[in-house]
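K.L.:
In this note's numbering, the protein residues as written are 692 to 1206. Just passing along the structure, written as C-alpha cells.
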C-alpha cells in the first residue's frame, strides 16, 4: 500500500491489490459523530477511472429501525456530499416503526429547505421487517436506478458513478458495492478486500475468493461475477420490478438477499460486485429485531429452497437439521413466487450450481442426519468436541451444529456443521486403528491418506468401521461421565435423529452428484 498524508486525510492506493487478498487497516480522522469519516480508500486504477456525464438518475433508500439519529445523519451527509448532485434524485428514509419521530422530522425539514425537497420519509404503522421495508423503499422510488442501503452506513467518494455507469451498460445487473467496516465502539474504518458474495446450505451469507477469470482480465476495476449478494443492493428500478423485487412473504430478514441473487441469475439477469464502489457498514452491537432470528431465517430459507432450488432443496433441510416431512415451520404460501418463476421462464437450480456456483457441493447420498444417541444413555449426543481439536466426544444434547451428524449411504459420517463447499472441508469420523479414540479428519485428507472413514450403520444398530471391524461405542469414566471410544463390539446400538427414504438412489440425483 502507498499511504499519502494530505490535509489530515489518509489516502490508501492499493497498487498490488490484484495479486493477493489482504485486509488493510487504516484509521479515520476523529470527527463529530454526525459528520462523515474522512478516510478515502481507493485502488489506484479506480481513482484514475472516468465515467460518462450522462448517467442514469439515482434514488437512495435508507432503511432504519430504532437507529441513533446521529448515525442516520452521517449516512445522509455522506450521500449528499459524495454523490453528484445532478444524479441524486432523492433520498428515501423508510421508518420500520421506530421510536425516533420528532427529532428526525426536524432534521428532514432542514435538509429539504437546503436541498429542495431531496428527502422523503415512508413510515410503517407497524413493524414489518427489513424485507418489507426495502420493498416499501423501492415502491416509493422514482429515479432510473435505486440503491437500497441500511441507514448505518457511509458511502465513499465516487461510490455512485461505477454503479450508474454499469447499469447504463446493462440494466439486468444486480449490483453490490464493496463493503468496508466501521467499528461501532470507536468509529474506526477497516478496509475490506474485494470478494464475491456467496452462501452456505443454510443460506447464511459468506465471502468467496475472487474467480480466476477475474484475475485473468488484469483489470482491478472490472466487475466481479458473484453467485449471490449481501444486504446492500443497487439495480435498475424497473428491471428490479420486472423480476419481482423481493419476496414479501419473508419475515424480518435473512435469506432475502440469497433469494434475489438466485432469481437474478436463474431469470435472465446477473449479480456483480463493483470494486470501485465502496460503502462502509457500521456493524451494530445489538440487532434490533427478534432476540432469536433463527426462527425467521429458517422460515425464509425454506421459502427459497421450495421455490428456487428444485431437488437440491433437501440440502437446506439438512443444514438446518429439519425433517423433510413436516419440518415444523410454516414457511407460508409460495404459490405466487412459483408463478413468477414460471412467468419469467427461469432456469433450474441445477444450471445455477453448475454454471454460477460450482463451489457449492451437492451431497446426494445422505441417508441419516441430526443428533446421534446411544441407547444406553440418551441424554448425551456425539459432539465434534473442542475446536481446534480433532477428538469427538459425548456431550449433553443441545442439537446445535457441533452435534449435527450426516451419515452417507457410501459409509462416510460427517460430524459438525455442514460445510459442503470446495474451499471449506467437512470433517469425517475415522478409526485410526490403534488406541481407543476416534478421530475427526477433513474428509478430502482422509480419502487421500486412505484412512478408515467408512462405517456400516442402520437405525437402531451398531456403528461398525468397515476396515477395522471395531465399533463406535461409549464407555463410562464414572456414573455421570461417558467417553466416545473405539473398541471390540459389545452390542451397543445407536439412533440418528432423522432418516431419508430413497435419498441418493434415483438415477437423476446420482448423475447430478457426478458434476
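Using N, Cα and C, we set each Cβ at its ideal position, and we do this for glycine too.
(1) Evaluate residue 1101 with the Cβ neighbour count: other Cβ atoms within 10 Å of its Cβ, from every protein chain shown; 16 or more gives buried, anything less gives exposed.
(2) Hey, which unbroken runs of the alpha helix (DSSP H) at 4 residues or more fall wholly within the segment 1071-1146?
(3) Just verifying my parser: in three-state terms, what is the DSSP assignment at residue 772?
(4) Rounded to a whole number of angstroms, what is the C-alpha to C-alpha distance between residue 935 and residue 881?
(5) Hey, quick one: how far does the beta strand (DSSP E) through residue 971 stretch, first residue to last?
(6) Quick check on the burial criterion: 16 or more other C-beta atoms within 10 angstroms. Buried or exposed for residue 660?
(7) Are the CB atoms of residue 1109 and residue 970 nearer to each other than 8 Å?
(8) Suppose the cutoff is 7 Å on Cβ atoms and the five residues either side in sequence are ignored; what does the same chain contact list for residue 1142 look like?
(9) Given residue 835, which residues of its chain have a CB within under 6 Å of its CB, disregarding the five upstream and five downstream residues?
(10) From what residue to what residue does the alpha helix (DSSP H) around residue 755 run?
(11) Please return the same chain residues whose Cβ sits closer than 7 Å to the Cβ of residue 1008, not counting the five positions on each side in sequence.
(12) Determine the contact status of residue 680 and residue 1150, defining contact as a CB-CB distance below 8 Å.
(13) Given a cut-off of 8 Å, decide if residue 850 and residue 868 are closer than it, judged by their beta-carbon atoms.
(14) Using only the alpha-carbon positions, how far apart do residue 878 and residue 975 sit?
(15) 8 Å is my cut-off, CB to CB: does residue 790 come that close to chain D?
(16) For residue 1096 versus residue 1086, is the C-beta distance shorter than 8 Å?
(17) In terms of residues, what are the limits of the alpha helix (DSSP H) holding residue 950?
(18) Within 8 Å, do at least three Cβ pairs link the segment 1154-1166 to the segment 1028-1040?
(19) Could you give the distance in angstroms between the alpha-carbon of residue 1178 and the alpha-carbon of residue 1126?
(20) Between the segment 936-947 and the segment 816-828, do at least 3 Cβ pairs fall closer than 8 Å?
(21) Mind checking which residues open and close the beta strand (DSSP E) that includes residue 812?
(22) Using a Cβ distance threshold of 8 Å, determine whether the segment 774-790 contacts the segment 948-964, with at least three qualifying pairs required.
(23) Please go through the same chain and pick out, in chain order, the residues whose beta-carbon is closer than 6 Å to the beta-carbon of residue 774, but skip the five residues on each side of it.
(24) Whose C-beta lies closer than 7 Å to the C-beta of residue 942 among residues of the same chain, with five residues either side of it excluded?
(25) In whole angstroms, give me the CA-to-CA distance for residue 783 and residue 769.
(26) Which residue wins for smallest C-alpha separation from residue 760, given the options 796, 750, 777, 904?
(27) With a 10 Å radius around its C-beta and 16 neighbouring C-beta atoms as the bar for buried, classify residue 808 as buried or exposed.
(28) Under the criterion of a Cβ to heavy atom distance below 7 Å, does residue 1162 qualify as lining the ligand ZN?
(29) Between residue 924 and residue 1020, how many whole angstroms is the CB-CB distance? I'm expecting something under 8 Å.
(30) Near residue 1050, what residues of its chain come up, given a Cβ to Cβ distance below 6 Å and the 5 sequence neighbours on each side ignored?
(31) Below 8 Å, how does it come out for the segment 999-1008 and the segment 1173-1187: are there three or more Cβ pairs, yes or no?
(32) Identify which residue in 1046, 998, 1057, 912 has its Cα closest to the Cα of residue 1029.
P.N.:
The short version:
(1) One-based indexing of the chain shown puts residue 1101 at position 410. Classification for residue 1101: exposed.
(2) Taken in chain order, the unbroken stretches of alpha helix (DSSP H) that lie wholly in the segment 1071-1146 and span 4 residues or more are 1134-1139.
(3) As a position in the chain shown, residue 772 is number 81, starting the count at 1. In this structure, residue 772 counts as helix in the three-state DSSP scheme.
(4) Counting from one through the chain shown, the residue named residue 935 turns up at place 244. Counting from one through the chain shown, the residue named residue 881 turns up at place 190. Straight through space, the alpha carbons of residue 881 and residue 935 are spaced by roughly 34 Å.
(5) On the chain shown, position 280 is the one that residue 971 refers to. Here the beta strand (DSSP E) through residue 971 covers 961-973.
(6) For the chain, the structure presents residues 692 to 1206; residue 660 sits outside this window and is missing.
(7) In the chain shown, residue 1109 corresponds to position 418, counting from 1. In the chain shown, residue 970 corresponds to position 279, counting from 1. Contact flag unset, no.
(8) For the purposes of this step, residue 1142 is identified with residue 451 of the chain shown, where counting begins at 1. Closer than 7 Å at Cβ, skipping near neighbours: 1121, 1132.
(9) By 1-based counting over the chain shown, the position of residue 835 is 144. Contacts found: 747, 748.
(10) Against the chain shown, residue 755 aligns to sequence position 64. Run containing residue 755: none in the alpha helix (DSSP H); it sits in the beta strand (DSSP E), 749-755.
(11) For the purposes of this step, residue 1008 is taken as the residue at position 317 of the chain shown. Taken in chain order, the residues that qualify are 1015, 1018.
(12) What the structure shows of the chain is the stretch from 692 to 1206, and residue 680 is not part of that stretch, so it cannot be assessed.
(13) Counting from 1 along the chain shown, the entry for residue 868 is found at position 177. Counting from 1 along the chain shown, the entry for residue 850 is found at position 159. Yes.
(14) Numbered from its first residue, the chain shown carries residue 878 at position 187. Numbered from its first residue, the chain shown carries residue 975 at position 284. Rounded to the nearest angstrom, the two C-alpha atoms are 11 Å apart.
(15) Here there is only one protein chain, and chain D is not present.
(16) Along the chain shown, read from residue 1 onward, the residue named residue 1096 stands at position 405. Along the chain shown, read from residue 1 onward, the residue named residue 1086 stands at position 395. No. Outside cutoff.
(17) Residue numbering aside, residue 950 sits at position 259 when the chain shown is read from its first letter. Boundaries of the alpha helix (DSSP H) harbouring residue 950: 947-957, taken from the DSSP string.
(18) no
(19) On the chain shown, position 487 is the one that residue 1178 refers to. On the chain shown, position 435 is the one that residue 1126 refers to. Approximately 9 Å between the Cα atoms of the pair.
(20) Under the 8 Å Cβ criterion, the segment 936-947 counts as touching the segment 816-828, having at least three qualifying pairs.
(21) By 1-based counting over the chain shown, the position of residue 812 is 121. Here the beta strand (DSSP E) through residue 812 covers 810-814.
(22) no
(23) Start at 1 with the first residue of the chain shown, and residue 774 comes out as number 83. So the list reads 851, once near-sequence residues are dropped.
(24) What you label residue 942 is simply residue 251 of the chain shown in a count that begins at 1. 820, 987, 990, 991.
(25) As a working note, residue 783 is residue 92 in the chain shown. As a working note, residue 769 is residue 78 in the chain shown. Annotation: residue 783 to residue 769 spans about 14 Å, alpha carbon to alpha carbon.
(26) Position 69 of the chain shown holds residue 760. Ranking 796, 750, 777, 904 by Cα distance to residue 760 puts 796 first.
(27) The residue given as residue 808 occupies position 117 in the chain shown. Classification of residue 808: exposed, given that the 10 Å Cβ count is below 16.
(28) Questions concerning the ligand ZN fall outside what the structure shown contains, since it holds no ligand whatsoever.
(29) Position 233 of the chain shown, counting from 1, holds the residue named residue 924. Position 329 of the chain shown, counting from 1, holds the residue named residue 1020. About 26 Å; that fails the 8 Å criterion.
(30) Along the chain shown, read from residue 1 onward, the residue named residue 1050 stands at position 359. Same-chain partners within the cutoff: 1112, 1113.
(31) Under the 8 Å Cβ criterion, the segment 999-1008 does not count as touching the segment 1173-1187, having fewer than three qualifying pairs.
(32) The residue labelled residue 1029 in the question sits at position 338 within the chain shown. Ranking the options by Cα distance to residue 1029, first place goes to 998.
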